[in-house]
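Protein chains in written order, with my numbering: chain G, 376 to 614; chain F, 83 to 323; chain U, 3 to 355; chain R, 1411 to 1912; chain W, 1406 to 1598; chain H, 44 to 220.
Think of the CB as a built atom: it goes at the ideal place given N, C-alpha and C, for glycine as much as any other residue.
Fair warning: this is a prediction, and the values are worked out from it, not measured in the lab.
Reading through the structure tokens given below for one structure.
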Amino acid sequence: MNLSILFSAPYRKITRDGLWDNNVVLTQNLALCPLLAVTGTATNGLGMGLATMAVMLASNGAVSVSRHLIPSEIRIPIFVLLIAALVTLVDIFLNAWMHELHKVLGLFIPLIVTNCVILGRAEAFASKQPVLPSMWDGLMMGAGFTVVMVILGGVREVTSAGTLFSNASVLLGEGFSFLETVIIPEYKGFLLTALPPGGFIVLGFLVAAKRLLDKKVKTVQHQPVAEIIAEPVINGGEL
Amino acid sequence: MNSKPEINSVSAKAGKALEVARQKLAIWLEPANLEKLRPQLRYQAGILAGFALLAAVLLGFADLATRGVIQQRLQEDLQAYLEQVVPAGLHDNNLLADTVQVNSSAAGLGAEQTEVYLAKKQGEVTAVCFKFVAPDGYAGPISLVMGVDRNGEILGVRVIAHIETPGLGDKIEISKSKWILAFNGKSLNNLTVEQWAVKKDGGVFDQFSGATITPRKVVQAIRRGLVFFQSHQAELLTDRH
Amino acid sequence: MKTSVISGPHVAAPRRVDQIMRQVIIALAPAVGFGVFLFGWPALYLLTVTVLSAMLFEAACLKLKGVAAAPSLRDGSAVLTGVLVAMTLPPWAPWWIGVSGSAIAIILGKQVYGGLGQNLFNPAMLARVALLISFPIEMTTWVNVTPLFTGPGLAESFALTFSGLPIPDAMTGATTLGMVKTGFSQNQILPQALGDYSGILAMIGWERGSLGETSGILLAVGGIALLRKGIIQWHAPVSLLATVALLSSIFHLWDSGHYLSPWVHLNSGALILVAFFIATDYVTSPNTPLGQLIFGTGCGLLIFVIRSWGGYPEGTGFAILLMNAVTPLIDHYIRPRIYGRYRNGKPLDISSS
Amino acid sequence: MLAFLENPRLRGGIHAEERKHLTSGQAIVTHFPLPKKLYIPVQQHVGKPAEPVVKVGDKVLKGQLLAHSQGAISAPVHAPTSGRIVDVKDFPAPHPSALPVRTVVIESDGKEEWLETFIPDDPFQLEPEEICMRVGGAGVVGLGGAVFPSAIKLNLGRKNNIHTLLINAGECEPYLTCDDRLMQEHANQIVAGIRLMLRGMMAPKAIIGIEDNKPEAFSAMQAACRDFPNITISQVPTRYPMGWDRQMLRYLTGLEIPADGRATDIGVVVHNIATAYAVYRAICLGQPLISRVVTVSGEAVANPINIELPIGTLMSEALAFCGVDKAKMARLVIGGPMMGDALPHADVPVVKACNGILALSHREIHEPETQACIRCSSCVTVCPVGLLPLEMASRIRVNQLEAAVDLGLKDCISCGSCSYICPSNIPLVHYFKFASGELVKRQQADHKAEQTKRLMDDRNQRMERIRLEAEAEAQRAQEARAARLAQQAAQQKQREQAEETV
Amino acid sequence: MSEYLLLILGTALVNNVVLVKFLGLCPFMGVSNKLDTALGMGMATTFVLTLASAASWVLEHKLLMPFDIGFLRVLGFILVIAAVVQFTEMVIHKTSPVLYQVLGIFLPLITTNCAVLGVALLNIQEKYNFVQSLLFGFGSALGFTLVMVLFAGLRERLAFMAVPALFSGTPIAFITAGILSLAFMGFAGLYSK
Amino acid sequence: MYVLSAILILTALGLLLGLSLGIAAKYLKVESDPLVERIEALMPGSQCGQCGFPGCRPAAEALVSGSAPVTLCPPGGSALVEQLARLLGVDVDLSNAQDQEAMVARVSEETCTGCTRCFKVCPTDAIVGAPKQIHAVVADACIGCKKCVAVCPTECLQMHPIEVTLRNWRWPKPLAA
Ligand SMILES: Cc1cc2nc3c(=O)[nH]c(=O)nc-3n(C[C@H](O)[C@H](O)[C@H](O)COP(=O)(O)O)c2cc1C
Ligand SMILES: Cc1cc2nc3c(=O)[nH]c(=O)nc-3n(C[C@H](O)[C@H](O)[C@H](O)COP(=O)(O)O)c2cc1C
Ligand SMILES: Cc1cc2nc3c(=O)[nH]c(=O)nc-3n(C[C@H](O)[C@H](O)[C@H](O)COP(=O)(O)O)c2cc1C
Ligand SMILES: Cc1cc2nc3c(=O)[nH]c(=O)nc-3n(C[C@H](O)[C@H](O)[C@H](O)CO)c2cc1C
Ligand code: SF4
Ligand code: SF4
Ligand code: SF4
Ligand code: SF4
Ligand code: FES
């Protein structure tokens, strides 16, 4: 397969959409539950983000492959079925062969099923597009999600405990211990940000920050409204 | 003799059938055909069932392949906890295998039945350990595991799970603070009832500044655990095997 | 030149926003003054730090918004918020508690919503609750009564407030409500848990507590002054106090071992302060008399529930925030009857009148 | 504080600084020098403008009809003095926009020659219909501010079995004392007017409501009514807008007029006290409404007084007579300071509705910066109607007028209490006036859109008809041609056959 | 009886699904612009959630447990939930086009509204019996509806406020949700004692 | 064996649900969208095409499908925007909305030749006049579509703002606080 296709204009747009323009959290306001529930630390955010990304990649692929088979009346049950099966698979395999990781993430894995963005992407993109773009979309949306997870987790962790990526070695393996940092030693801790209210508030400020950045960028380039509304249909890479 | 051609013909037949099936599938999968099928009720039910079948098969086999492994991992986890509260030197048996069920409905341990793991050296019970719960922690129940030696002295206590406030109540975790180690060696005999309390209430155990409730409730629960052990001491220490 | 057309009325009432704010501050002054007297110089430092930082944050936010800061500062709402935040803090709290409180109140509670009059939640209560959640230790360290000149001197107090050293245990204790909660968690029952509580001292304010909450009587005097001036309405305070008094009477009569008497309730914690000065905050309470009655009743109910059965000893802050959240709904459903119409907006029947 | 102990019949309202003492102590000035020219707009009432019956150059006598009423709701206007018509033209109206309106200009000849009129021997023997007719013919309109033609109200009253005539002597606006003085000086005439009205409506009784800040007027009226048990006089609390008829009615009788109804629906008619006086003059003296008492006041006026002015006098002349200090004048207001309108200049005529001319100083109007609403809900407290001014204004600010209507915008009487009390000085009433105007505009636009649709349909149908006709025509032509061709062919054939046979 | 009442209240207030458990946040943010729609969404969710709780309990105790196939739990539950939602969607589409228009993409998203699956799974985790499950589902939905309506009221008012451009819309909504969640922390400890 | 039962059960479940949903879909089918009709009724109905759609009905359909903003119709002005936003449950910021100033055509009498071209194109028959006579516009009927201006050979038709008189004078909006 030729990787250079990933740099063609439609794919670049998918990439941009996923990472920034149409970011799952910051723009679409979806996937909020895992976002707020597990971002007590940056490490948790990273782990959950990666797991979600993997599921999105697979689910978008699976949905796209079978899109011609699925009647619209029962598409939702089928999509959900597919996603749930994938998530359960991930859960089972992690539990069996990466038990330490599973112990940390275990509680949150079933939550992935109900992460609305996975179904959202299946509906909005994968059920209408060929496999390759769909999978790329899943990957990029997942990546955009992961980035926000890590940032939110990071901000909450630093402000509430003064550390960053604590426990990274437990979750991701000894190789990641280098990530663990103490930003503010002897920090008293601003507990608020670690608790549910703080999650919402920090997220509010994050969205405002994106808006600020966008405004700065917008003066340079301007995107017409129509383009945002219509999802691009991509030809090429047909299965 | 003539079995060979038979086999050949059978395999040829099978091949042909396969080929036909493939072709049929290809025709069936034609977008135009699917277009026709999709609105049909029969098809819809079938396709949902089909996907369910697919998922079930997939998961079924995945589960078949991993069930044993997962069971084992869980045992290992439990074992790891038990080892923390019962020193390895005290036993030569498999703790997980040597258990008795004890009625604990009156002991305030948060369960009707408590599974007690027996540590044995050369067949003699040297220590017991069991899980119990402090149901009234600041934010919710606190799960603990405790090892007690023959004389009712604590060998070790660990918190398995809790939802106390991070930064305050979570100092009961061994990874956050050494506080929990203060119970090692304590028993109902070497401390009076009044001493089984946090310092603020006139006892010997530290509280955390700003968070007294969590340690208070943990102390109370551990003491209840010891009382439970005491009341079943004889029964547990006599080896019935 | 559209703007040159001016509509009537061509005369205006003399009362302006800055006057209202000033009068509320004056009404609070006795209680604040008493708090400073009761807890000495550190309390004065804390008050100063909180008020100054509130003004500073207000000015900074306005600057960021590109608005001239001076006119808005002059309306006095930032000062009032600063004073109220200080009044809800433990009197010997370190300086950074005061600054954080002001920051939360002004920035999070007010300016992100667009400034004066736009906020949905009471800034001072938001700050109180956010601080309590974030810094439970500092926010529950209550110094004993140490009247001015008997406690640490000017310089020593300065060090106390600004160094952030912990206050010696001997100088601190629990508030009445805190003591009772602790007592219950040790399975004590009431007279025992209350210790040497004196209702009269509590009413005067001679007890541990937040800087401005201890003296119920002075707060009530200030509140009644505001009522008489017509700056606040009676509905919210009366319904709030009545609800707490009623509920506590009922439960106290039913089980006096586990439920405080109305007398203790009314003299404890921030009840009087909240009733007269917080529940009456224009911005965050309903705008009809009936709505204010409902608001006050709701606050009273929540305060009683949290005090009696909740995890926190005192629930006024939470109760106010919760009822603030209900306020838009109250305003949506409770409207005055319009002349010539039934409450549901339908015109009156001719025959009925 | 103890608002809940107050009379539940009294809702909202404000107590503004009265400033009535400026003029209340002095008798009505009647020696105003007759101006050279008088400007009489043909519309001084609600309803259709009157139609001029005079031409430029005509000589007219005092009290002569200048324009007659038009249609169901209208009122005539009369010459305030004798003289010559010099113009019928557009002239600035006493309106905040000072836009021009059709106006008859009279050059006075200084003779004040009255038109001969009929004066009944005993007015109280006149038929009720006759009374109404005469009141209408005299151009009497409501002088309480609404300028609704009074005859129509009287007629309506007679047809609706009225049980009470409420005479509104509230005069709740600050500064204004013209009704107060009128009652002090002409109590007997007013009572006569009231009796005529009662007769005209065949109503059994009248109640006069007077604010309790006018004790002299109250006792004067009491004295005048002593012989008429069917007329009662009540004092009402001084609280703006007590003069709002519905407020006074609720206070005095407990009755409330349904939102979509009129006072007559519940058997009441309300008239202003000055209207009663005008009725007296119309019937007993045969004088149409050609002058009225106006309060000229305000800090920028050197000699604030009540003064009887001919309709059509320029306000600038009246002000000059009272000695206005132009430098001190910050705002010129027609009417009271609460409901009156600011005028861009004083070269506009006095009209029937004009009960006050105020030259206010900066100190009096006291206008600080507008700030954001602090939701103090004072405006809710003072609104006599029971509206939520702050909420309505916030909707209107973002142009959500429908939402404001849901909140009761259409019930707002523009009394100005809310704007007055607002500590943030938000121009609330201005918002409501804007929104109401905008709603009327929308209504008209809707109406026009409907009209458009109809017109377009008409046109399309016509076009269709024309097309069909054209088609039919073409068809007929074609058929004709075909027939002709067939005929020709037949002829040809015949001819050929003939040739063949030949 | 009072035990059941406590369960409902505790679930709705103390352990509120949205503000404390962090479930169902997407519809919470997405459909709370208007009071009426929030109420509609709340009721739709209440219906689905209660039904799904019951259905999933039956599934768990009549099929999954007897046959020892717990690994199919998530799959089975979500399937049942999806069907219930789809059904609700069709009913609303038929009966109230305006509501349908407004709830738009969120109705199918109730399927993945974490709250529904989350509550179904919690039912099993907490070992509730059938009635308790039903009440737990109902209580959760009640809590969901409660905060939806409160939040919608707040947001409707925000629409008329002069929120700075940088914060207007989503950011201020998040911040407000945070403060609401802060306020709900006041209920902590109510139910457990 | 439990795997087999798992497969069986899940498949049966799928079959059952698929069937019932399919049936439900048949019985609960929604034919047409009454919303379009309601919206079309709100539209000005002048089919002017300023919205970029070939008329009001397509514009209404686009609105319902969500592919056009509620601010699409300039002639409808902010009143229409408000109604649409309410109907469709969307948020719009009307605070800065500016309605375009209403204009009507007026014939300047010097240059009109009475050619009747404007008369023929006016969609609302707002122009009156006989051939070779000076034409006039009935201001109340004119919708300001400018069609007449386009066809007039002598440029004698011009658009003018509607004249302000005491009858149509309205209070201006107060300056924002
Ligand atoms: C947000 C918050 C979280 C808290 N978390 C805990 C906790 O996890 N454990 C605890 O014992 N106390 C906790 N507390 C403190 C209790 O409310 C109570 O004040 C304290 O246990 C009494 O301790 P003290 O006697 O040392 O002040 C918390 C308080 C707050 C405000
Ligand atoms: C009677 C009254 C009570 C008030 N109570 C409070 C209060 O509890 N908390 C506070 O921060 N401000 C209080 N204020 C002051 C302002 O209303 C306060 O600044 C406002 O709540 C914050 O938002 P704003 O400044 O945007 O109005 C009160 C004002 C009055 C008149
Ligand atoms: C706010 C408000 C205040 C009013 N004040 C007075 C007043 O002081 N005196 C008065 O005669 N009419 C006043 N009116 C007008 C009355 O409501 C009513 O129209 C009038 O008394 C009818 O009598 P008329 O037709 O004789 O004018 C006021 C109206 C409103 C809306
Ligand atoms: C206005 C005001 C509000 C308060 N609100 C709370 C509160 O919500 N929660 C709390 O624990 N203490 C609150 N306090 C402090 C409380 O009254 C008291 O000092 C201790 O909480 C009692 O233990 C508040 C104090 C003031 C002055
Ligand atoms: S102007 Fe309208 S809203 Fe304001 S007080 Fe008067 S009636 Fe009420
Ligand atoms: S009086 Fe003014 S500041 Fe007070 S609520 Fe009304 S509009 Fe707002
Ligand atoms: S712009 Fe408006 S009036 Fe013109 S066609 Fe479009 S919808 Fe119709
Ligand atoms: S602008 Fe349009 S409606 Fe008006 S006169 Fe011309 S053609 Fe007719
Ligand atoms: S992720 Fe929970 S509802 Fe969207």
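- Judged by DSSP secondary structure, Asn185 (chain F) falls within the beta strand (DSSP E) whose first and last residues are 181-185.
- Ile205 (chain H) has its Cβ no nearer than 7 Å to any heavy atom of ligand 8.
- A Cβ of chain F is located within less than 8 Å of the beta carbon of Asn470 (chain G).
- Listed along the chain, the chain U residues whose CB falls inside 9 Å of the CB of Arg298 (chain F) are Ser187, Gln188.
- Under a 10 Å Cβ-count criterion, His173 (chain F) is classified as buried, with 16 or more other Cβ atoms of the shown protein chains found around its own Cβ.
- In this structure the region 1799-1819 of chain R touches the region 1843-1863 of chain R; the number of beta carbon pairs closer than 8 Å is three or more.
- Among the residues facing chain W, Leu167 (chain U) is not included, as its CB has no counterpart in that chain under 8 Å away.
- Exclusion of the five residues before and after Asp1821 (chain R) leaves Ala1669, Val1795, Leu1797 as the residues of its chain whose Cβ lies within less than 7 Å of its Cβ.
- Within a 10 Å sphere around the beta-carbon of Ala238 (chain U) sit 16 or more other beta-carbons, which makes this residue buried.
- Contacts between Ala1426 (chain R) and chain U, judged by CB atoms closer than 7 Å, involve Val13 in chain order.
- At least one heavy atom of ligand 5 sits closer than 7 Å to the Cβ of Cys1828 (chain R).
- From the listed residues R:Asp1531, R:Gln1810, R:Ala1503, the smallest Cα separation to Pro1759 (chain R) is found for R:Ala1503.
- Inside the region 23-102 of chain U, DSSP marks whole alpha helix (DSSP H) runs of 4 or more residues at positions 43-67, 71-76, 79-89, from first to last along the chain.
- Taking a cut-off of 6 Å from the heavy atoms of ligand 3, the residues with a C-beta inside it are R:Gly1552, R:Leu1553, R:Gly1554, R:Gly1555, R:Ala1556, R:Phe1558, R:Asn1578, R:Gly1580, R:Glu1581, R:Cys1582, R:Glu1583, R:Pro1651, R:Gly1653, R:Trp1654, R:Asp1655, R:Val1680, R:His1681, R:Asn1682, R:Thr1685, R:Met1749, R:Ile1823, R:Cys1825.
- Chain-order list of chain W residues neighbouring Lys67 (chain U): Pro1569, by C-beta distance under 7 Å.
- Nearest neighbour of Pro505 (chain G) by Cα position, chosen from G:Gly436, G:Leu457, G:Gly424, turns out to be G:Gly436.
- Ranked by Cα distance from Pro349 (chain U), the first of R:Pro1833, R:Pro1445, R:Arg1872, R:Arg1672 is R:Arg1672.
- For Gln195 (chain F), the secondary structure class from DSSP, reduced to helix, strand or coil, is strand.
- For Met1749 (chain R), the chain U residues whose C-beta falls within less than 9 Å of its own C-beta are Gly10, Pro11, listed in chain order.
- Annotation: the region 153-222 of chain U contains the following complete segments of the alpha helix (DSSP H) (minimum length 4 residues), in chain order: 156-165, 178-187, 192-196, 201-206.
- Separation of Leu1719 (chain R) and Cys1588 (chain R) (C-alpha to C-alpha, rounded to the nearest whole angstrom) is 12 Å.
- The region 1417-1489 of chain R contains, as complete beta strand (DSSP E) runs of 3+ residues, the segments 1447-1451, 1475-1478 (chain order).
- Neighbourhood of Gly1847 (chain R) in chain H, by CB distance below 7 Å: Arg213, Trp214, in chain order.
- Listed by position along chain W, the residues whose Cβ is nearer than 7 Å to that of Ile139 (chain U) form an empty set, because the closest Cβ is around 17 Å away.
- Contact between the region 269-279 of chain U and the region 219-236 of chain U is present: three or more C-beta pairs spanning the two stretches fall below 8 Å.
- At a cut-off of 3 residues, the continuous stretches assigned as beta strand (DSSP E) that sit fully inside the region 1634-1718 of chain R are 1641-1646, 1678-1682, 1701-1707.
- Closer than 7 Å at the C-beta level to chain U, one finds these residues of the region 232-258 of chain F: Leu250.
- If you draw a 10 Å sphere on the C-beta of Tyr335 (chain U), you find fewer than 16 other C-beta atoms in it, and that means exposed.
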